[in-house]
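All remarks here apply to the structure that follows.
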Amino acid sequence: MNYNFDEIIDRRQTNSSKWDVKENELPLTTADMDFKTAPEIISELKDKVAAGIFGYENPSEDYFAAVKSWFHSEHQTEIQRDWMLFSTGVIPALSSIVRRLTHPAENVVVQSPVYNIFFNSIENNGRRALENKLIYNPETREYQIDFVDLKKKLQEPQTTMMILCNPHNPTGNVWSKSELEKIAAYCNENQVILVSDEIHGDLVLEGNGYTPLFSIDPSLTNQAISLTSPSKTFNLAAIHAATVIVKNPFLRYQIDRGLNNDEIAEPNLTAIPGTIAAYRYGAPWLKELKSYLRDNRQLVEDTLDNKINGIKLVNGQATYLLWLDCSLINKSSIEIVEEIRNQTGLILSPGKIYRGNGDHFLRISIAYPRKVLKDALSRLIQAI
Ligand SMILES: Cc1ncc(COP(=O)(O)O)c(C=O)c1O
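The numbering of the sequence shown is this note's numbering, which starts it at 28 and goes up by one.
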């Protein structure tokens, strides 16, 4: 290992939103990592600050070249320069797209249980979230798409958009090419705009990586939008950088107007150099990160299997978020989380907030130095 993922960094009193908790508490909640980002990125950002000029910026051609090159080398996908727009985050862009391309009271389809903030982007803007609930098989502990229900929901005249999460937070599903083609074809048939949030795309821990929406049959992606960012991959959430990928020029023009109108199209001083450094130099760091996360995942799985009755790991292939089946415990996820926190200070995310069948599940992040994760697991053993 060239990078030290065992290093423990005290994030209390550092403005961390996750670590704004009591002295004895340990949060495994928000999706950022407790690892320092790659040293190559830190070095570029130090240079940027040392230059001492903090004026207004535009995303440079180097930025878009770095995104394009990352997708080529990491995901074997070609993105054209003019398909890309910069935004200050995936969720700011998503909310703006919902506002610009749909009307109040229309349906936006999501596949629950799903990242809870999608519901904010939809409902805070006066649209309706229509749940295409994923089907859970407790035997295999896997989720799959209910295509019969999806077709029905997309056919509703009030449905104008679908938000896909690929890979899926919180279940860890990596959707296959044929699943994506089927979803995109159903959206096309019903003139539904398909927005694919691919923020976890670089963090596939098993198998051959994820399939970017823009790598499928081009005839299926004319009404498609992809959202990507180095923020989950390299622990860069607070640099606030994301790329919106839209092939259709008419759609892209509208989105561009929306991002500008919402004032989320201009980078802060770290966004451009941070993203370029991540995509240019970050691949070796990412490889080691994934290996460390795989070992952390195994540790959690072994602990659940051998030491904890009643909680099982759901089989996902991606992200550093694990989805735990606690349906054998006869309580709601909210109650379970509260009791664990009160007894041991360990803070987990209750599955209920992700809707669908989430109330029988808990979500944890495993992006911690091993010693911290072990502390979390012993608290969990004690509580259960
Ligand atoms: C699926 C998904 N999309 C978006 C985000 C947040 O993106 P951003 O910080 O760029 O708004 C997260 C963070 O957890 C996420 O899991």
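Don't be surprised by glycine CBs; every beta carbon is placed ideally from N, CA and C.
DSSP-derived helix/strand/coil call for T371: Taken through DSSP and simplified to helix, strand or coil, T371 comes out as helix.
From A292 to Y237, what distance separates their C-alpha atoms? Those two C-alpha atoms are separated by around 27 Å.
With a cut-off of 8 Å, do at least 3 Cβ pairs link the segment 312 to 324 to the segment 134 to 145? No: fewer than three Cβ pairs fall under 8 Å.
For D322, the nearest candidate out of S70, N159, L232, S123 (CA to CA): For the residues S70, N159, L232, S123, the minimum Cα distance to D322 belongs to L232.
Residue closest to E497, alpha-carbon to alpha-carbon, out of K180, A410, G199: What the structure shows of the chain is the stretch from 28 to 411, and residue 497 is not part of that stretch, so it cannot be assessed.
Given that a residue counts as buried once 16 or more other Cβ atoms are within 10 Å of its Cβ, and exposed if not, what is S44? S44 comes out exposed.
Please name the residue, chosen from V135, F62, D47, K259, that lies closest to A182 on a Cα-to-Cα basis. Residue 182 is actually Gln in this sequence, not Ala. Cα-wise, what sits closest to Q182 is V135.
Measuring from the CB of V117, is there a heavy atom of ligand 1 at a distance below 6 Å? Yes, the Cβ of V117 comes within 6 Å of a heavy atom of ligand 1.
Where L23 and E67 are concerned, what is the direct C-alpha to C-alpha distance, given to the nearest angstrom? Within the shown structure, residues of the chain are numbered from 28 to 411, placing residue 23 beyond reach of any answer.
Inspect the CB distances between the segment 322 to 336 and the segment 108 to 126 and report whether three or more fall short of 8 Å. The segment 322 to 336 makes no contact with the segment 108 to 126; the number of CB pairs closer than 8 Å stays below 3.
For A58, which of helix, strand or coil comes out of DSSP? Coil at A58, not helix or strand.
For the alpha helix (DSSP H) holding D402, just list the boundary residues, first then last. Per DSSP, the continuous alpha helix (DSSP H) segment holding D402 begins and ends at 397 to 410.
Integer Cβ distance of V222 from L121, believed to fall under 8 Å: The pair is a contact, with the Cβ atoms about 7 Å apart (cut-off 8 Å).
Just list the beta strand (DSSP E) runs in the segment 257 to 287, keeping only unbroken ones of 3 residues or longer that don't cross its boundaries, in chain order. You should have 269 to 273.
Quick check on DSSP: helix, strand or coil for W27? Examination of residue 27 is not possible in this model, given that the chain is present from 28 through 411 alone.
Sorted by chain position, which residues of the same chain lie with C-beta nearer than 8 Å to E150's C-beta, five sequence neighbours on each side aside? Once the five neighbours on either side are set aside, the close Cβ partners of E150 are A156.
Nearest residue (CA-CA) to F241, options V219, Y30, T255, R127: T255 is the residue among V219, Y30, T255, R127 whose C-alpha sits nearest the C-alpha of F241.
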